[in-house]
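Colleague: Sharing a structure here in C-alpha cells format.
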Amino acid sequence: MKKKIIFYIDNLAYHFEVDDSLEKEMTMFLQKGVNIDVKDLLVAYVRKSQECLALKTEISKISAKLPKV
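Now the structure itself:
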C-alpha cells in the first residue's frame, strides 16, 4: 500500500509516495513533520550507509563459505 510522507528539509517540504515498508526505513533516522537541516540529512545518510556496508560485508563472508559452482 502506498503512503504519502513529507519531510521538511531547510524549511522546504518534500513529498514522497512510498510503500509502508520503505516508510519505516526512511523514518528510522529522519523525523517526519519537523524541520531538519542538511546536517541531519547527511548524518542519516551516513548511518544508512554504515548499515548497508555491514550487510554487504556479512553477505560476502557467507558467500565465501559457499562451495564454488
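Residue numbers (this note's numbering): 24 to 92. Don't be surprised by glycine CBs; every beta carbon is placed ideally from N, CA and C. These figures come from a predicted structure and were not determined experimentally.
Does DSSP put residue 43 in a helix, a strand or coil?
Modeller: In the structure shown, residue 43 sits in a helix (DSSP, three-state: H, G or I).
Colleague: Please report the residue range of the alpha helix (DSSP H) in which residue 96 lies.
Modeller: The structure shown does not extend to residue 96, since the chain is modelled only from 24 through 92, so no value can be given for it.
Colleague: For the beta strand (DSSP E) containing residue 30, list its first residue and its last residue.
Modeller: Residues 25-32.
Colleague: Tell me whether residue 39 is buried or exposed, calling it buried when 16 or more other Cβ atoms sit within 10 Å of its Cβ.
Modeller: Classification for residue 39: exposed.
Colleague: Whose CA, out of 67, 57, 88 and 72, lies closest to the CA of residue 35?
Modeller: If we check each option's Cα against that of residue 35, 57 comes out closest.
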